[in-house]
Every structure is written in structure tokens, then in C-alpha cells.
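Peer 1: With UniProt numbering applied, the sequence shown closes on residue 313, and no number is skipped along the way. All residues carry an ideal CB built from backbone N, CA and C; glycine is no exception. Please read these numbers as outputs of a predicted model, since none were measured by experiment.
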Amino acid sequence: MATELPGCHRYLNRIAPTPLVPVQLDAGRPAVWCKLEFLNPSGSTKDRIARFILEKAWRRGLVACGGRVVEASSGSTSIALALACAQMGLKFLAVMPEGVSNERVFIIRAYGGDVTFTPAALGIRGAIAEVERLGAEPGVFLPKQFANLDNAEAHRLGTAREVLDQIPGGRVDAVVSGVGTGGTLVGLFEGLRENGCRVVPVLARPVNLVSAPEVECCSFSARIPGVADSISEIFRPERVPGLLTVEVRDEDAIATTRELIRLGFPVGPSSGLNYCAALEALRQLNDPHAQVVTVFPDRMERYFTTELFKPFV
Ligand code: PMP
Numbered sequence: 001m002a003t004e005l006p007g008c009h010r011y012l013n014r015i016a017p018t019p020l021v022p023v024q025l026d027a028g029r030p031a032v033w034c035k036l037e038f039l040n041p042s043g044s045t046k047d048r049i050a051r052f053i054l055e056k057a058w059r060r061g062l063v064a065c066g067g068r069v070v071e072a073s074s075g076s077t078s079i080a081l082a083l084a085c086a087q088m089g090l091k092f093l094a095v096m097p098e099g100v101s102n103e104r105v106f107i108i109r110a111y112g113g114d115v116t117f118t119p120a121a122l123g124i125r126g127a128i129a130e131v132e133r134l135g136a137e138p139g140v141f142l143p144k145q146f147a148n149l150d151n152a153e154a155h156r157l158g159t160a161r162e163v164l165d166q167i168p169g170g171r172v173d174a175v176v177s178g179v180g181t182g183g184t185l186v187g188l189f190e191g192l193r194e195n196g197c198r199v200v201p202v203l204a205r206p207v208n209l210v211s212a213p214e215v216e217c218c219s220f221s222a223r224i225p226g227v228a229d230s231i232s233e234i235f236r237p238e239r240v241p242g243l244l245t246v247e248v249r250d251e252d253a254i255a256t257t258r259e260l261i262r263l264g265f266p267v268g269p270s271s272g273l274n275y276c277a278a279l280e281a282l283r284q285l286n287d288p289h290a291q292v293v294t295v296f297p298d299r300m301e302r303y304f305t306t307e308l309f310k311p312f313v
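1. Just to check, is the beta-carbon of residue 333 closer than 7 Å to a non-hydrogen atom of ligand 1?
2. Compute the beta-carbon to beta-carbon distance between ARG51 and ALA84, rounded to the nearest angstrom, for a pair I have assumed lies under 8 Å.
3. What does the alpha-carbon distance come out to for the pair PHE92 and HIS289?
4. Taking the beta carbon of ASN148 as the centre, do at least 16 other beta carbons fall within 10 Å, making it buried, or is it exposed?
5. Mark GLN24 as exposed unless 16 or more other C-beta atoms lie within 10 angstroms of its C-beta, in which case mark it buried.
6. Quick check on DSSP: helix, strand or coil for GLU247?
7. Taking 6 Å as the limit between beta carbons, can you name the residues of its chain near PHE38, skipping five residues before and five after?
8. Grab me the residues of PHE189's own chain with a C-beta within less than 7 Å of its C-beta, minus the 5 sequence neighbours each way, in chain order.
9. Would the beta-carbon of THR257 be found less than 7 Å away from any heavy atom of ligand 1?
10. Is ASP165 helix, strand or coil when you go by DSSP?
11. For my contact list, THR118 and VAL100 are in at a C-beta cut-off of 8 Å; report their separation, rounded to the angstrom.
12. Helix, strand or coil for THR305? Go by DSSP, reduced to three states.
13. Which one of PRO97, LEU285, GLY158 and ASN274 has the shortest CA to CA distance from SER177?
14. Does the beta-carbon of LEU263 have 16 or more other beta-carbons within 10 angstroms, so that it is buried, or is it exposed?
15. Go ahead and pull the three-state DSSP assignment for GLU214.
16. Taking the continuous beta strand (DSSP E) assigned at MET96, which residues delimit it?
17. Taking the C-alpha atoms as reference points, what is the distance between LEU54 and PRO143?
18. May I have the straight-line CA-CA distance separating GLN166 from ASN102, to the nearest angstrom?
19. Let me check understanding here. Comparing Cα to Cα, which of ARG48, GLY182, ARG171 and ASP250 lies closest to GLU233?
20. When you measure from the CB of PRO225 to every non-hydrogen atom of ligand 1, does any distance come out below 7 Å?
21. Identify which residue in GLY75, LEU282 and VAL163 has its Cα closest to the Cα of VAL105.
22. Just to confirm, are VAL207 and GLU247 a CB contact at a threshold of 8 Å?
23. Are the segment 64-73 and the segment 26-43 touching, with three or more C-beta to C-beta distances below 8 Å?
24. Mind checking who THR294 pairs with in its DSSP beta bridge?
25. When the Cα of VAL115 is compared with those of ALA82, ALA86, PRO19 and GLY226, which residue comes out closest?
26. Going residue by residue through the segment 58-119, where are the continuous alpha helix (DSSP H) segments of at least 4 residues, counting only ones entirely within it?
27. Starting from LEU188 and walking both ways along the alpha helix (DSSP H), at which residues does that stretch end?
28. Classify ALA129 as helix, strand or coil using the three-state DSSP reduction.
29. Judging by CA-CA distance, which residue of VAL179, THR159 and GLY126 is the nearest neighbour of PRO19?
30. Using a threshold of 7 Å, is the CB atom of THR305 nearer than that to any non-hydrogen atom of ligand 1?
31. With 16 as the cutoff for other CB atoms within 10 Å, does ALA222 come out buried or exposed?
32. Enumerate in chain order the residues of its own chain whose CB-to-CB distance from GLY139 is below 7 Å, with the five nearest sequence positions on each side excluded.
33. Taking 7 Å as the cut-off, is the CB of ASN208 close to at least one heavy atom of ligand 1?
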């Protein structure tokens with residue numbers, strides 16, 4: 001089995017630690033500790049899981065140079081995998097529902113990946129089914145971000161430990177995130193708790209989730225890409241005991257994202273969602289010394305053709 005990972009001395013070693021900074025929108029509102037995940041090399045927190053999952057697969061002999069990696073993702077994870085694969089000498093194919101913003105498709109192709117589309121009406125499940133079909137072919141590795149427990153592990157062993165090193169006193173009272181696969185929230189929560197934090201897990205949930213009747217148990221946010229009512233095997237209630245759900249209006253999430261951009265954080269809509277929910281968590285904790293942590297998952301450039309940038313066109 002290969003021990004020396006290709007790409008190790010380039011892209012893979014530049015992932016994280018990302019800064020953790022207190023962000024205050026104005027003097028009237030408290031500060032939230034925000035992990036600047038958009039500063040990872042491909043522009044999102046998904047670089048962490050791409051690296052973690054591919055490294056593990058490499059060490060187990062499940063992927064080798066020239067091998068093919070296939071993933072169902074409408075964005076950040078595919079972008080991260082495309083870059084990691086380019087660096088590791090692997091081929092990458094992203095399978096995604098029709099209708100995702102073109103920016104994402106262009107970025108994946110620029111990193112040397114291929115993209116194939118499944119019908120929009122089938123949502124992410126349609127893409128997952130197509131990946132399963134391709135996965136039966138020899139030499140294909142499926143990272144399966146929705147089922148792969150290493151997704152949360154990357155955050156438990158990486159993101160959470162960084163937060164503990166970075167936050168004053170190593171104390172976190174609540175950790176807030178929207179959920180796609182649930183890897184970020186579950187991994188951060190478990191990593192903080194096992195290191196002694198009495199931390200409340202907080203789910204940032206957009207109120208306007210759209211259900212797709214063709215696809216059982218799946219609703220997603222049409223206006224905050226990357227966030228859904230989870231169909232994930234990672235995001236299970238028993239892994240987040242005491243979960244507090246905070247509902248956020250799409251309008252508020254998007255307006256807050258624009259405020260964050262003006263403050264110098266070039267982020268996408270889920271950062272605004274997370275920030276709004278973190279402010280509400282702070283309000284509910286009702287403790288002026290409470291330290292609440294959230295993540296800014298990805299960069300604004302992925303959303304140029306979406307509602308976020310409408311006022312600036
Ligand atoms: N991608 C983006 C752009 C997001 O905003 C979010 C939610 N914060 C996610 C993904 C979800 O992360 P996870 O899959 O770890 O739940």
C-alpha cells in the first residue's frame with residue numbers, strides 16, 4: 001500500500017487552520033466567533049473533508065494514481081474534490097442536479113474535473129442514484145459525503161480542535177451551523193464536547209424549505225444553497241443531544257450576507273444564515289459572556305448569478 005501521498009506538499013498541506021475571528025455587525029449587536037472557512041484553498045470548508053476522505057482512501061489502497069472519484073454534490077464538495085483529485089493525480093466526476101449555478105460547474109472544469117447532470121426534479125437523490133450506478137464500475141471510488149462518517153471526523157479532529165486552540169479560554173457555549181450533510185455541525189459539536197466544552201449544538205434552519213415530493217424526506221432551501229433538511233446518515237438526533245433549532249428567514253440570511261460582504265467577509269448566503277442563527281442563539285443563552293461559534297462555509301464568487309448579487313447587476 002502506498003504511504004507517500006501525492007500532492008501532500010502542495011495543495012493538501014495548505015488546508016487550514018483557518019482564522020477564528022469575532023465578528024460584530026454593529027455596536028448594537030454582540031460579536032459572534034466566526035471560522036473563516038472560505039479561506040481554504042478551493043474556497044470552502046469542504047477542502048477539509050475532501051482531503052480527509054481521499055487521504056484515508058489512499059492509505060487503504062481504495063484509490064490509486066489514475067483512479068476515478070465520483071461524487072453527487074451540487075457545489076462545494078465537488079469543487080473541493082476536483083482540486084484535491086487534480087493534485088493527487090486522480091480523475092474526478094461530479095454528478096449534480098440540473099440548475100445549479102454555472103459558476104460551480106466552471107470551477108470544477110477549471111480544476112480538470114468533469115460534470116454530468118441528473119434531472120432537477122429528482123433533486124440530490126437523483127444524483128446520488130446515478131453515482132451508485134457509476135460506483136459499480138471497477139476502479140471508481142465514491143467519497144459519499146452524505147453517508148461517509150469521515151465527513152464529520154474531518155471536523156471533529158480538525159475544525160473543532162482549531163476552535164479550541166483559537167477561542168479565549170478554550171470555552172464554547174454554543175456551536176451553530178446550517179446542515180447539508182450535517183458533517184460540520186456534528187463534527188464540531190462532538191469535537192468540542194469531548195474536549196470538555198458544555199456546548200449547545202444549534203441548527204440554523206431556513207424557514208422556507210422547499211419539499212420535493214418526488215423525493216421522499218428531502219426538503220432543501222432554494223435560496224440558501226448547500227442547506228437542506230438532512231437526508232444524511234451523519235446527522236442523527238442521538239449525535240446532537242439537546243439540539244436547538246433556530247429558524248431564519250431567507251431575507252434575513254441574504255441581507256446579513258450582504259452586510260458581511262461589506263464588512264470584508266466575501267461569503268456566500270449560508271454564512272448569513274449561520275450568523276443570524278448565532279445571534280439568536282446568543283440572545284437565547286442570555287449571558288453577556290457567552291462565546292458562540294459559527295462557520296462561514298464558502299465564498300461569494302460562487303453566487304454571482306444568484307439572488308445575492310441581484311442588487312449589484
Ligand atoms: N455547503 C455550504 C455552502 C453550506 O453553507 C453549508 C451549511 N453551512 C453546508 C455546505 C453544509 O455543511 P455540511 O454538509 O457539513 O452540513
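Peer 2: Result, derived from the coordinates:
1. In the structure as shown, the chain starts at 1 and stops at 313, and residue 333 therefore has no counterpart that could be examined.
2. ARG51 to ALA84, Cβ: 6 Å. Contact.
3. The straight-line gap from Cα to Cα measures roughly 46 Å.
4. Its Cβ being crowded by 16 or more others within 10 Å, ASN148 is buried.
5. Classification for GLN24: exposed.
6. If DSSP states are grouped into helix, strand and coil, GLU247 belongs with the strands.
7. Excluding the 5 residues flanking it on each side, PHE38 has same chain C-beta neighbours closer than 6 Å at VAL267, PHE296, ASP298 and ARG299, in chain order.
8. If we look at PHE189 and ignore the five residues flanking it on each side, its Cβ neighbours are VAL175, VAL199, PRO201 and VAL240.
9. Result no, Cβ not under 7 Å from ligand 1.
10. Secondary structure of ASP165 (DSSP, three-state): helix.
11. Not a contact, Cβ separation roughly 11 Å.
12. The DSSP-derived three-state label of THR305 is coil.
13. Of the listed residues, the one whose Cα sits closest to SER177 is ASN274.
14. Exposed.
15. Confidence at GLU214 is low in this model, with a pLDDT of 48, below 50, so its placement is unreliable and no value can be given for it.
16. First-last of the beta strand (DSSP E) with MET96: 91-97.
17. In this structure, the straight-line span from the alpha carbon of LEU54 to that of PRO143 is close to 8 Å.
18. Cα to Cα, GLN166 sits roughly 36 Å from ASN102.
19. Residue nearest to GLU233 within the set ARG48, GLY182, ARG171 and ASP250 is GLY182 (criterion: CA-CA distance).
20. It does: the Cβ of PRO225 is within 7 Å (strictly closer) of some heavy atom of ligand 1.
21. If we check each option's Cα against that of VAL105, GLY75 comes out closest.
22. By the CB criterion at 8 Å, VAL207 and GLU247 fall inside the cutoff.
23. No, the segment 64-73 does not touch the segment 26-43.
24. Per DSSP, CYS34 and VAL176.
25. When only C-alpha atoms are compared, the closest one is ALA82.
26. The segment 58-119 is shown to contain whole alpha helix (DSSP H) runs of 4 or more residues at 76-88 and 102-110, in chain order.
27. If you look at LEU188, you'll find it in the alpha helix (DSSP H) that goes 183-194.
28. Three-state DSSP puts ALA129 in a helix.
29. Nearest to PRO19 by alpha-carbon distance, out of VAL179, THR159 and GLY126, is THR159.
30. When distances are taken from the beta-carbon of THR305 to the heavy atoms of ligand 1, even the shortest one reaches 7 Å or more.
31. Here ALA222 is exposed. Its C-beta has fewer than 16 other C-beta atoms within 10 Å.
32. So the list reads GLY67 and ARG68, once near-sequence residues are dropped.
33. Answer for ASN208: no, Cβ out of range of ligand 1.
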